[in-house]
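Student: Please find one structure pasted underneath; my questions will follow.
Numbering (the working numbering), first residue to last: 2 to 536.
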């Protein structure tokens, strides 16, 4: 049989008998716990300060009188100040660390009715964090004269999984937060959904910088704004969302835009300027393309992150700003740091929580829900609802998820494509003819996006060299250009192999697509990792 152990603070006022009355007529919390018919207390660890030793002896005697099977353990503690949170918490934490708990053979209850409010809060926190492997015990006086002194008790288990309604409510809040981060889009890519769940946990629990990486157009700016909205809903910040693309900042303008300036700091500085860091005080600052910042700006940003203070241009006194930073980049900042283009200490400061947002081509199963989202955006923006014909929708989606759809601009490409289709469909129905016209536009756009020739061979000249490129037949150039394109946008060699050999692998019981692709690239003196790095 497991023994029940109660841990509680002596209440100098509540546990003392009422003057002029028999002590058994008074409700005294520590004594009443041991007077319950349905609660057998085998041991009561009574925590008390030295000055209350006499009262502790009296309470211990009364507990044993009321419950002979209860052993009272007198434990002296020393609060430097019973109303100082740090002092009380440190003292009770020391008790929790030193006490010889035996949870295999004993059940522990932490009595939180006595002691100062500060002490009760500390006992709650230590129980919640499992420093005290216990449940909470709350006591109160009885409802009638006959039951007043004995009182009543209630046991509170902080394991929320035991409370179905609470668990359902918290789960619903998590789903609501994740929907907010995804703009309500029912994404199907499991890896992306897992990442969103982690981002939600970090966004709510941490004020540390967040680094969002991934290709241009993958949605970094939109996600940063939604993180701000989520934190504001949870009352984790009250300030504004401030955004800037660092690629647009140059020279004195960069320092002034970020950190502000005083009048006369440089030619053209005709008035004071607050600066973006100061504007973001209490809120969230999103620095997109942070890798484009110059060395001086990086140094000042690092100090602002670490000390929350910085010096505006032309000022002789520092200003402060308490902001959360989210940084975005499509570059490899670690490679930039190794090359001396980005400060390693700043990278270390912002690289605690790093999330890579995949491009649209890496989430092809999410194209359909995003297509519906873009149509809904158009309807809200233009006040006109547009829908696909069934055949037109099937044709568009068949192309959108095919290997031939590169989606170089990612969600920007999809947004532009849907906007064009909807705008050119005044009847409110997108037809197959409109889709075919749009697909031709997309093919031409992607084919000319980085200077490719008609066969996509111009990038191959750079990869292979003029001599090796000239040795390839035109047919081989087209094939190799497509392979290179898939490799560049794929997360791994295996993923690229699955996409390239999707048709033939269905006809085989087993396949090693990665090895097959590796050998194909080797014939042209190419390697997957080099192609990814080059991209």
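We put the CB at the ideal spot given by N, CA and C, even for glycine.
1) Could you give the first and the last residue of the continuous beta strand (DSSP E) run that contains residue 196?
2) Report yes if the CB atom of residue 316 is closer than 8 Å to the CB atom of residue 263, and no otherwise.
3) I'd like to know whether the C-beta atoms of residue 498 and residue 523 end up nearer to each other than 8 Å.
4) Less than 6 Å between C-beta atoms, sequence neighbours within five positions excluded: which residues of the same chain meet that for residue 215?
5) How many Å lie between residue 456 and residue 479 at the Cα?
6) For residue 128, count neighbouring Cβ atoms within 10 angstroms of its own Cβ and tell me buried if that reaches 16, exposed if not.
7) Taking only three categories from DSSP, how would you classify residue 402?
8) Have a look at residue 193 and residue 484 and give me their C-alpha separation to the nearest angstrom.
9) Given a threshold of 16 other Cβ atoms within 10 Å of its Cβ, counted over all protein chains shown, does residue 104 qualify as buried or as exposed?
10) Could you work out which residue in 110, 146, 150, 145 is closest to residue 157 when comparing CA atoms only?
11) Between which two residues does the alpha helix (DSSP H) carrying residue 120 extend?
12) Please state the DSSP three-state secondary structure of residue 284.
13) What span of residues does the alpha helix (DSSP H) with residue 408 cover, start to end?
14) With 16 as the cutoff for other CB atoms within 10 Å, does residue 221 come out buried or exposed?
15) Identify the residues that DSSP records as bridge partners of residue 368: which are they?
16) Work out the CA separation of residue 202 and residue 282 for me, nearest whole Å.
17) Alpha carbon to alpha carbon, what distance is there between residue 122 and residue 33?
18) Alpha helix (DSSP H) containing residue 323: first to last residue?
19) If you check the beta carbons only, do residue 276 and residue 255 fall under 8 Å apart?
20) Can you find the residues in the same chain that come closer than 8 Å, C-beta to C-beta, to residue 232, ignoring five residues on each side of it along the sequence?
21) So, for residue 48: in the same chain, excluding its five sequence neighbours on each side, which residues have a beta-carbon less than 6 Å away from its beta-carbon?
22) On the three-pair Cβ rule with 8 Å, is the region 397–409 touching the region 359–366?
23) Who does residue 518 pair with in a DSSP beta bridge?
24) Name the one or two DSSP bridge partners that residue 187 has.
25) Could you have a look at residue 9 and say whether DSSP puts it in helix, strand or coil?
26) So residue 71 and residue 35 are in contact, right, with Cβ under 8 Å, and what is the actual spacing, rounded?
27) Using the Cβ count rule (16 or more neighbours within 10 Å means buried), how would you classify residue 176?
28) Considering only residues of the same chain and omitting the five flanking positions on each side of residue 353, which have a CB-CB separation below 7 Å?
29) Taking the runs of the beta strand (DSSP E) that are 3 residues or longer, which of them lie wholly in the region 332–361?
30) Beta carbon of residue 31, beta carbon of residue 64: below 8 Å?
31) Taking the beta carbon of residue 155 as the centre, do at least 16 other beta carbons fall within 10 Å, making it buried, or is it exposed?
32) Quick one: is residue 341 buried, meaning 16 or more other Cβ sit within 10 Å of its Cβ, or exposed?
33) I'd like to know whether the C-beta atoms of residue 290 and residue 355 end up nearer to each other than 8 Å.
34) Counting only runs of 3+ residues fully inside the region 43–128, write out the beta strand (DSSP E) ranges in chain order.
Tutor: This is what the structure holds:
1) Numbered from 1 along the chain shown, position 195 holds the residue referred to as residue 196. Taken as a continuous stretch (DSSP letters only), residue 196 belongs to no beta strand (DSSP E), being part of the alpha helix (DSSP H) at 191–206.
2) As a first step, residue 316 is located in the chain shown; it is residue number 315 there, counting from the start. As a first step, residue 263 is located in the chain shown; it is residue number 262 there, counting from the start. Result yes, Cβ atoms of residue 316 and residue 263 sit closer than 8 Å.
3) The residue labelled residue 498 in the question sits at position 497 within the chain shown. The residue labelled residue 523 in the question sits at position 522 within the chain shown. It is not a contact, given that the beta carbons lie outside the stated cut-off.
4) In the chain shown, counting from the first residue as 1, residue 215 sits at position 214. Cβ within range, chain order: 357, 358.
5) By 1-based counting over the chain shown, the position of residue 456 is 455. By 1-based counting over the chain shown, the position of residue 479 is 478. Low local confidence applies: a pLDDT of 41 at residue 456 is under 50, so the model's placement there is unreliable, and no value is given.
6) Walking along the chain shown from the start, residue 128 turns up at place 127. Result: buried.
7) For the purposes of this step, residue 402 is taken as residue 401 along the chain shown, with counting starting at 1. Coil at residue 402, not helix or strand.
8) Along the chain shown, one-based indexing puts residue 193 at 192. Along the chain shown, one-based indexing puts residue 484 at 483. Going by the C-alpha atoms only, they are around 25 Å apart.
9) In the chain shown, the residue the question calls residue 104 occupies position 103. Label assigned to residue 104: exposed.
10) The residue labelled residue 157 in the question sits at position 156 within the chain shown. Checked all of 110, 146, 150, 145; the closest Cα to residue 157 is 110.
11) Counted from its first residue, the chain shown places residue 120 at position 119. Residue 120 -> alpha helix (DSSP H) spans 118–129.
12) Sequence index remark: in the chain shown, residue 284 carries index 283 (1-based). Coil at residue 284, not helix or strand.
13) In the chain shown, the residue the question calls residue 408 occupies position 407. Note, residue 408: premise wrong, no alpha helix (DSSP H); not H, not E.
14) Reading the chain shown from its first residue, position 220 is the one you call residue 221. Under this definition residue 221 is a buried residue.
15) Locating residue 368 in the chain shown gives position 367, counting from the first residue. Bridge partners of residue 368: none, in fact.
16) In the chain shown, residue 282 corresponds to position 281, counting from 1. In the chain shown, residue 202 corresponds to position 201, counting from 1. Distance between the alpha carbons of residue 282 and residue 202: 23 Å.
17) If you number the chain shown from 1, residue 33 lands on position 32. If you number the chain shown from 1, residue 122 lands on position 121. The alpha-carbon atoms of residue 33 and residue 122 are separated by roughly 22 Å.
18) As a first step, residue 323 must be located in the chain shown, where it is residue number 322. Here residue 323 belongs to no alpha helix (DSSP H), and DSSP marks it neither H nor E.
19) Start at 1 with the first residue of the chain shown, and residue 276 comes out as number 275. Start at 1 with the first residue of the chain shown, and residue 255 comes out as number 254. No; because the gap between Cβ atoms is not below 8 Å, this pair is not in contact.
20) In the chain shown, counting from the first residue as 1, residue 232 sits at position 231. Excluding residues within five positions, the ones whose Cβ falls inside 8 Å are 204, 205, 238, 285, 325.
21) Position 47 of the chain shown, counted from the start, is the residue given in the question as residue 48. Contacts found: 10, 76, 78.
22) yes
23) For the purposes of this step, residue 518 is taken as residue 517 along the chain shown, with counting starting at 1. BP columns for residue 518 are empty, so no partner.
24) Residue 187 sits at position 186 when you count from the first residue of the chain shown. Per DSSP, none; premise fails for residue 187.
25) As a first step, residue 9 is located in the chain shown; it is residue number 8 there, counting from the start. Under the three-state reduction of DSSP, residue 9 is assigned to strand.
26) For this step, residue 71 is matched to residue 70 along the chain shown. For this step, residue 35 is matched to residue 34 along the chain shown. Contact flag correct, Cβ pair sits at about 5 Å.
27) Your numbering for residue 176 matches position 175 in the chain shown. Exposed is the call here.
28) Position 352 of the chain shown holds residue 353. Correct list, in chain order: 209, 210.
29) Qualifying beta strand (DSSP E) stretches, in chain order: 354–357.
30) As a first step, residue 31 is located in the chain shown; it is residue number 30 there, counting from the start. As a first step, residue 64 is located in the chain shown; it is residue number 63 there, counting from the start. Yes; because the gap between Cβ atoms is below 8 Å, this pair is in contact.
31) If you number the chain shown from 1, residue 155 lands on position 154. Residue 155 comes out exposed.
32) Residue 341 sits at position 340 when you count from the first residue of the chain shown. With fewer than 16 Cβ atoms within 10 Å of its Cβ, residue 341 is classed as exposed.
33) What you label residue 290 is simply residue 289 of the chain shown in a count that begins at 1. What you label residue 355 is simply residue 354 of the chain shown in a count that begins at 1. No, these two residues do not count as a Cβ contact at 8 Å.
34) Within the region 43–128, the complete beta strand (DSSP E) runs of at least 3 residues are 44–49, 72–77, 107–112.
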